Amino acid sequence: MIVELGHFALVLAFVIQLAQASLPLWGASKRNLGMMEMGRGAAIASFLLVALAFAALVNAYVTSDFSVANVFQNSHTDKPLLYKITGVWGNHEGSMVLWVSILTLFGAAVAWFGGNLPPELRARVLAVQGMIGSGFLLFILFTSNPFLREIPVPANGQGLNPVLQDPGLAFHPPFLYLGYVGFSVSFSFAVAALIEGRVDAAWARWVRPWTLAAWCALTIGIAMGSWWAYYTLGWGGWWFWDPVENASLMPWLAGTALIHSAIVVEKRDTLKSWTVLLAIITFSLSLVGTFLVRSGVLTSVHAFAVDPLRGTFILLLLLVAVGGSLTLYAVRAPSLRGGGLFAPVSREGALVLNNLLLSCACATVFLGTLYPLFLDAVGGPKVSVGYPFFNRTFAPLMVPLLVAVACGPLLGWKRGDLLGAMQRLWVALAAAIAVVLVGLYVARGGPVLSVLGFGLAAWVACGALVEWAERTRLFRAGAGESLRRALRLPRSAYGMTLAHLGLAVTVAGFAGSAFEQERIQEMRPGDVVAMAGYDLQFRGVEEVQGANFSADEGNFVLSRGPRTIAVLHPERRFFPLQQQTTAKTAIHTNFLADYYLAIGDPDGKGGWAVRAYWKPLVPWIWIGAVIMAFGGVLSLSDRRWRVGAAEPARARPLAAPAE
Amino acid sequence: MTRILAAALVFLALAGVARAVEPDEMLANPALEARARAIGKELRCLVCQNESIDDSNATLAHDLRVILRERLVAGDTDQQAIQYIVDRYGQFVLLKPPVEPATYALWFGPACLLLLAGVGTVLYLRRHRPGPAEAPLPLDPGEARRVAELLGEGEG
Amino acid sequence: MTMKRLLFALPLLLFAVLAGYFWLALESGRDPHELPSAMIDKPAPDFSLAGVDGTAGLDRKELGGGVTIVNFFASWCIPCRLEHPLLMDLGKRLGVPVYGIAWQDKAGDATQFLKQLGDPYRSVGLDESGRVGINFGVYGVPETYVVDKEGRIRLRHVGPLTAEDVAKELVPLVRELGQS
């Protein structure tokens with residue numbers, strides 16, 4: 084009954100989304116306030132309906148209702164409750180419902196919190212959201228319906244991949260989707276602005292919070308996915324340039340460019356057509372990612388079960404959404420009149436450079452990910468593009484970007500004093516050089532190039548602090564004056580400083596990972612292995628039983644000299660239903676480095692294969708990401724965006740498009 | 230559909246049977262082992278399709294690691310050992326795509342893109358820089374009329 | 015159309031090209047997991063394998079002199095069971111000998127498998143280590159190879175054979191090779 088209710092809710096939501104897609108749009112063109120306001124009601128109603136459908140699906144999983152085909156295929160009574168719930172989005176159909184839930188959530192949020200938006204803009208934004216929602220709900224109802232029944236009702240389910248039964252992995256899709264799908268709002272704003280024919284500072288201010296929120300979520304989502312891979316896969320890898328990973332990285336790169344570009348539109352009323360294009364591209368990349376993962380055209384460890392019909396449908400959605408918006412862009416964007424002029428060396432210029440580098444990086448990842456497909460489609464040889472390509476092309480683009488991150492904020496608008504900025508950054512340069520020198524000494528004979536990463540991280544971090552010191556007149560005015568200034572700085576300023584600091588921390592983490600040490604050997608109970616100043620003693624293995632697995636649990640003692648630091652229990656788990664063995668690693672972290680331990684197969688003679696790694700600074704990769712996201716959230720909480728009032732009299736209407 | 234399911238089953242059957250580099254695979258000679266590890270990182274595990282054979286848990290990866298080490302012990306150079314595997318599995322087994330006419334677009338693409346975008350950016354910046362004398366933007370007809378009106382009123 | 019207009023239309027044009035590629039990829043129906051064999055037109059590798067059941071085993075010399083089919087299977091391989099019924103009269107259908115290689119399998123298990131499902135092969139070799147498979151470029155089971163008169167590999171089929179595969183791929187090729 085509940086299942087049917089859920090199904091019906093989806094159908095109803097589809098109908099309402101259709102209304103949301105059309106009525107407000109018509110209302111905006113006719114300046115009919117009633118019609119426009121219907122968009123808000125429709126958005127909230129469709130969200131509630133989709134949420135209901137989602138709840139119905141969760142209920143089916145929790146109650147192990149195997150009459151629902153989706154539950155039968157992906158769940159099992161023996162699964163712990165948490166994983167029954169998270170299993171809802173561990174498969175294609177369920178994850179699409181999550182996708183649409185988040186889409187309608189954002190639509191409802193715009194309806195609810197967008198009181199400060201001018202009615203026409205809001206109506207158009209909601210209309211575009213409605214179009215996207217209609218498309219995807221249709222997709223679900225026709226090709227990916229989670230509520231289909233399985234008759235006769237099986238006694239038990241086919242379980243879930245044991246690799247997916249993990250808290251980190253379970254929660255990473257919702258964050259990712261909040262990010263991917265959140266960018267739909269930026270997209271809707273861009274399309275609405277193109278329809279209206281107006282992009283101005285006010286538009287940029289309204290679009291910023293939504294873009295930032297999506298960006299924060301995506302940053303966390305990507306970090307979680309990476310962290311999960313790190314502690315699950317047994318050797319501590321955390322990024323593989325897998326097509327699905329790249330599919331999440333590309334919107335992130337474009338989204339970062341978008342956030343920065345929107346600042347220029349807001350402050351200087353220029354870079355408009357480029358910002359609008361970025362907003363379209365960011366969400367388009369999310370859609371392309373959805374296509375790649377679910378159509379089966381690319382190989383990936385992550386890909387869902389594929390079905391060419393689904394692929395075709397998503398391609399059609401892509402054609403309409405991306406093709407439509409880019410057509411609108413081609414027609415309307417030329418008439419967007421730019422405002423401020425600026426010298427190449429200026430804050431705007433630095434942000435243009437930022438955009439240039441991020442866009443090229445994004446395009447590079449795109450090229451590398453899709454090249455095998457391109458080549459195959461034209462009948463060329465089958466090649467594989469792995470990390471060697473990306474390391475050689477992506478990393479060099481990031482170096483000038485990181486240098487600019489420290490300089491840019493110190494340049495003035497319209498006309499910047501580069502020499503002055505560089506002079507103020509002497510501290511950062513000194514710090515970077517010092518770090519590099521120390522690093523070269525430590526790394527002699529080792530990964531020397533990574534030392535450059537440390538230097539860049541120091542440069543960025545000090546640069547962010549120098550910028551803050553400038554604003555608070557630290558060491559220049561009195562302590563009291565500085566404190567006063569510091570307290571009065573807007574939150575978005577702290578947001579920026581934190582975000583850039585977080586970036587530095589992450590870059591340091593990347594660089595640190597090159598210095599890892601490993602010990603791979605057979606160990607017998609009593610054996611001790613020394614690495615990086617730690618001693619690891621193997622005590623033995625015992626068999627334990629889990630909810631739906633049996634495991635060999637290792638007992639290891641980690642000590643430093645005479646002091647015991649930790650007792651570690653890596654496991655080797657066997658899942659009888661799936662006939663699969665997975666590793667559960669044991670990691671001891673002091674937040675400066677990780678001691679990473681995994682146990683392998685027994686050698687049959689009392690010894691066990693043991694893999695131990697010491698990974699310096701690697702935790703900083705994810706700590707940095709969290710700091711970045713926190714910076715974004717801090718910026719979001721800046722009261723300025725909430726107060727950003729619509730002043731229609733000020734926003735100058737555009738001259739009619741020429742020719 | 231069955232084909233896809235079947236293929237998935239094959240891969241599922243193979244996953245999780247062996248582990249990434251095992252102690253018993255490792256060579257006694259550290260120099261050779263280091264070479265083997267380095268080469269292993271460059272070869273794709275065909276069954277997992279986005280891991281190197283050095284990292285992968287699959288049986289095929291294990292077999293290839295063993296074979297790689299055998300070739301090195303037999304005296305092959307790095308190139309010869311890699312070629313041995315490429316002869317059997319094709320270019321796809323290389324994680325670093327070869328630089329050949331079919332992949333020129335891939336390897337030189339990013340640099341070309343950067344160049345093109347860079348040139349475009351420079352042109353854009355040129356066009357948008359304020360003039361040397363900082364001449365104000367010209368007024369459009371509506372504005373010019375308004376200014377004339379205001380000036381006229383001021384005088385009157 | 016001014017230069018400016020063209021520039022603004024560029025993203026759309028690029029997207030159109032991209033969509034075209036996606037369409038081609040979808041339409042081709044190619045399974046991205048399927049890799050082309052690097053051994054096509056190369057001579058089949060040398061090998062000499064023991065049998066599974068006290069039987070003779072399989073040697074490379076038996077390939078060549080005529081068109082042959084080599085099928086890699088394993089007792090632990092589920093898709094192999096799917097294609098097995100087809101293999102039973104494959105030899106008769108194609109008019110060529112079908113040889114089997116039990117890949118990464120144990121003699122006892124392979125024997126059980128063949129006893130259970132039938133033995134379609136003229137002879138079976140046991141490749142317990144999987145090394146012979148690697149020399150063929152095998153990356154999973156089942157895989158089926160067509161070897162011509164000179165002992166060169168001419169076709170590799172990945173995954174279980176279906177009736178359609180036999181009709182569309184194997185029959186024409188075997189006929190063509192037989193005539194030359």
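Chains as they are written, first to last, in this note's numbering: chain A, 84 to 742; chain B, 230 to 385; chain C, 15 to 194. Built from N, CA and C at the ideal position, the CB exists for glycine as well. Here the structure is a predicted model, which means the values were calculated and not measured.
- When the beta-carbon positions are compared, residue 295 of chain A and residue 715 of chain A come within less than 9 Å of each other.
- Burial is judged here by how many other beta carbons sit within 10 angstroms of a residue's own beta carbon; residue 635 of chain A has at least 16 and is buried.
- For residue 355 of chain A, the closest Cβ of chain C is not nearer than 9 Å.
- Look at the stretch 100-127 of chain C: the residues with a C-beta under 9 Å from a C-beta of chain B are 118.
- Considering only beta carbons, the part of the stretch 300-332 of chain B lying closer than 8 Å to chain A consists of 319, 320, 321, 322, 323, 324, 325, 326, 327, 331 and 332, in chain order.
- Of all residues in the stretch 248-266 of chain B, the ones placed with a Cβ closer than 7 Å to any Cβ belonging to chain A are 248, 249, 250, 251, 252, 253 and 255, in chain order.
- Within the same chain, and ignoring the five residues on either side of residue 164 of chain C in sequence, the residues whose Cβ sits closer than 8 Å to its Cβ are 57 and 78.
- Minimum Cα-Cα distance from residue 467 of chain A among the listed residues B:256, B:274 and B:303 corresponds to B:274.
- Separation of the CB atoms of residue 208 of chain A and residue 193 of chain A is rounded to 6 Å, and the pair is thereby assigned contact status at 8 Å.
- By the criterion of at least three beta-carbon pairs nearer than 8 Å, the stretch 102-109 of chain A is in contact with the stretch 213-225 of chain A.
- Close CB contacts of residue 275 of chain A within its chain, under the 7 Å cut and outside five residues either way in sequence, are with 204, 207, 208 and 211 (chain order).
- Contact residues of the stretch 411-440 of chain A toward chain C are 412, 413, 416 and 417 (C-beta to C-beta distance below 7 Å).
- Under the Cβ criterion of 9 Å, residue 52 of chain C is counted among the residues facing chain B.
- Taking 8 Å as the upper bound on Cβ-Cβ separation, chain A lies near residues 271, 273, 277, 278, 279, 280, 281, 284 and 286 of the stretch 271-292 of chain B.
- Taken in chain order, the whole beta strand (DSSP E) runs of length 3 or more contained in the stretch 62-109 of chain C are 82-87.
- Among the CB atoms of chain B, one or more fall inside 9 Å of the CB of residue 49 of chain C.
- DSSP, reduced to helix, strand and coil, places residue 282 of chain B outside both helices and strands of the structure shown, so it counts as coil.
- Under the three-state reduction of DSSP, residue 117 of chain A is assigned to helix.
- Residue pairing from DSSP places residue 323 of chain B in a beta bridge opposite B:272.
- In the three-state reduction of the DSSP assignment, residue 633 of chain A falls in the strand class.
- With fewer than 16 neighbouring CB atoms inside 10 Å of its own CB, residue 20 of chain C falls in the exposed class.
- Of the candidates A:197, A:155 and A:140, A:140 places its Cα closest to the Cα of residue 178 of chain A.
- In terms of beta-carbon proximity, residue 273 of chain A stays away from the interface with chain C, with every pair separated by 9 Å or more.
- Annotation: residue 85 of chain C has no Cβ neighbours in chain B at a cutoff of 7 Å; minimum Cβ distance is about 14 Å.
- When C-beta atoms of the stretch 329-338 of chain A are compared with those of the stretch 287-307 of chain A, three or more pairs fall below 8 Å, so the two segments count as touching.
- The Cβ neighbour count for residue 580 of chain A, taken over all protein chains shown within 10 Å, is at least 16; the residue is labelled buried.
- Listed in chain order, the non-local C-beta contacts of residue 510 of chain A below 7 Å within the same chain comprise 545 and 549, local neighbours out to five positions each way being set aside.
- Under the three-state reduction of DSSP, residue 54 of chain C is assigned to coil, being neither helix nor strand.
- Take residue 547 of chain A, set aside five residues on each side of it, and the residues of its chain with a beta-carbon closer than 6 Å to its own are 580, 583 and 584, in chain order.
- For residue 263 of chain A, no CB of chain B lies under 9 Å from its own CB, so it is not counted at the interface with that chain.
- The bridge partners DSSP lists for residue 698 of chain A are A:677.
- Per the C-alpha coordinates, the member of A:446, A:176 and A:111 positioned closest to residue 280 of chain A is A:111.
- Sequence-distant Cβ neighbours of residue 526 of chain A in its own chain, meaning closer than 6 Å and more than five residues away, are 534.
- For residue 657 of chain A, the enclosing beta strand (DSSP E) covers residues 654-658.
- Its Cα nearest to that of residue 345 of chain A, the residue A:272 stands out among A:272, A:402 and A:651.
- Listed along the chain, the chain C residues whose CB falls inside 7 Å of the CB of residue 395 of chain A are 40.
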